[in-house]
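Numbering (this note's numbering), first residue to last: 4 to 254.
We put the CB at the ideal spot given by N, CA and C, even for glycine.
Notes follow the structure.
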């Protein structure tokens, strides 16, 4: 029987472990950020982020900076955000290492693939947004804009738009992970999810309409991948449940 002192010591040891993991995660992000500042550098990184917008503007057009320090702060902010995204596997690994000692062997077989797949899917969502969605969205906006308007985006507003879109697509690509977790926790069965498939499709389009700009290109670009990833989740959920089920649960 554990004494109150033993319980307090255990709680303190968990806090120390959590602090160490947070420090390691922060160091990983800092190293990635410093590396990006050295090469290719904040200015070049922002130029790369701005390429889809610049390509849709008239030849020779540039963005504007309305703030005095915006030309310095905005590229630095972009560099930090990208560093966090690139360091996401390391951050999630630290989270996994913190909770792993309290997990059974069959639960660890589920957590490790989820950490890897979550990182990969989030990055895939961001890449999908940048390489396939931005060009079409900005081209559509440029064509829709009246000839009497000179489109000169502000770099801060553009960054806010890009970050919100990338976050939306990165989160949307986590649909298979959400499905697997819901099924594994017993909150809903695969059969039930298949029954509510039409509602899931409608929900995907509603979410896409809310988080994307008010144009059909952006909405379909987000809604269709969400529907496909929902189907992927239905396919892989039984496999994850099987490999993460304890022998006594199978009996």
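Other residues of its chain near residue i: CB distance less than 6 Å, five sequence neighbours each side excluded
i	result
residue 234	none
residue 124	176, 177
residue 28	94, 97
residue 15	none
residue 220	139, 140, 143
residue 107	none
Beta-carbon proximity of residue i to residue j, cut-off 8 Å
i	j	result
residue 48	residue 157	no
residue 94	residue 31	yes
residue 225	residue 171	yes
residue 196	residue 180	no
residue 118	residue 96	yes
residue 198	residue 70	no
residue 35	residue 86	yes
residue 244	residue 162	no
residue 240	residue 186	yes
residue 88	residue 26	no
residue 230	residue 204	yes
residue 227	residue 112	no
Close Cβ partners of residue i (< 7 Å) along its chain, the five nearest in sequence each way excluded
i	result
residue 4	At residue 4 the pLDDT is 49, less than 50, meaning the model places this residue with poor confidence; the figure from the coordinates comes in the next sentence. Here the set comprises nothing.
residue 20	101
residue 184	none
Neighbourhood of residue i by C-beta distance below 8 Å, restricted to the same chain and skipping five residues each side
i	result
residue 148	154
residue 254	Residue placement at residue 254 is flagged as unreliable, the pLDDT there being 45, under the threshold of 50; a coordinate-derived value is accordingly withheld.
residue 76	70
Limits of the alpha helix (DSSP H) - the one that residue i falls within
i	result
residue 2	Residue numbering for the chain in the displayed model covers 4 to 254; residue 2 lies beyond these limits and cannot be assessed.
residue 98	91-102
Between the stretch 138-157 and the stretch 190-208, are three or more C-beta pairs nearer than 8 Å? Flag = no, the stretch 138-157 and the stretch 190-208 do not touch.
May I ask you to verify whether the stretch 126-143 touches the stretch 52-60, counting CB pairs closer than 8 Å and requiring at least 3? Pairwise C-beta distances place the stretch 126-143 in contact with the stretch 52-60, as three or more of them are shorter than 8 Å.
Can you confirm whether the stretch 208-221 touches the stretch 114-129 when touching is taken to mean that 3 or more C-beta pairs between the two stretches lie within less than 8 Å? When Cβ pairs closer than 8 Å are counted between the two stretches, the stretch 114-129 is seen not to touch the stretch 208-221, the count staying below three.
Could you name each continuous alpha helix (DSSP H) segment of 4 residues or more that falls completely within the stretch 122-157, going from the start of the chain to the end? Listed in chain order, the complete alpha helix (DSSP H) runs (minimum 4 residues) inside the stretch 122-157 are 137-147.
Jot down the residue ranges of each uninterrupted alpha helix (DSSP H) in the stretch 153-202, minimum 4 residues, whole runs only, in chain order. Runs found: 158-175, 178-187, 193-198.
Can you list, in chain order, the stretches of the alpha helix (DSSP H) that have 4 or more residues and sit fully within the stretch 7-65? Correct list: 7-41, 45-59.
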